[in-house]
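Data block below; observations after.
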Amino acid sequence: MAGCKGCNLFEKDLEKAFLTAWNGIVENRGEFLPAWEKQIKEGDALEKWRAGQMVQLTAEPPLETICPEIVNMALESVEVHDGGLLHFHFLDGTELEIDTEEE
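Residue numbering for the sequence shown follows my numbering, starting at 17 and increasing by one per position.
Below is the structure:
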């Protein structure tokens, strides 16, 4: 039975990784828009609402500092993996991996 291989993840590293993920979505918004527009037209009520929310939120410039309101409105969860890899799950279904050791 393997023991717990915990790693230290500091809040500042998590925030920096979120900023990287979020700003990546904002800066590449055009690549995400077709999927959001499809969700708005064809999704269920929640999918439509989440996609519309992402369209609005990503119309703003990239973040320089963490914005708790955007985190609460957009982020579903974060999986922490060995080696500093974070897997961000956004409420619209977008998923991104950020390697905190490369930053």
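Glycine included, every Cβ here is placed at the ideal spot set by N, Cα and C.
For clarity, every value in this text was computed on a predicted model and none was experimentally measured.
Practice task
Quick one: give me the first and last residue of the alpha helix (DSSP H) that Leu-49 is part of.
Solution key: 45-58
Problem - Residue of Trp-38, Gly-109, Glu-31, Gly-40 minimising C-alpha distance to Trp-65 - result: Gly-109
Exercise for the section: Just the C-alpha distance for Asn-88 and Glu-111, rounded to the nearest angstrom, thanks. Expected result: 16 Å
Problem - Alpha carbon of Gly-99 to alpha carbon of Asp-115, nearest angstrom - result: 8 Å
Handout entry: Endpoints, the beta strand (DSSP E) within which Ile-114 is located
Key = 111-115
Exercise for the section: For the beta strand (DSSP E) holding Glu-92, just list the boundary residues, first then last. Expected result: 91-97
Handout entry: Residues bridged to Phe-2 [DSSP beta-bridge criterion]
Key = Because the chain in this structure spans residues 17 to 119, residue 2 falls outside the shown range and cannot be described.
Handout entry: Asn-39 in three-state terms, based on DSSP
Key = helix
Practice task
Can you grab the Cα-Cα spacing for the pair Ala-33 / Val-42, in whole Å?
Solution key: 14 Å
Practice task
Between the Cα of Ser-93 and those of Ile-82, His-105, Glu-85, Pro-84, spot the shortest distance and give me the residue it belongs to.
Solution key: His-105
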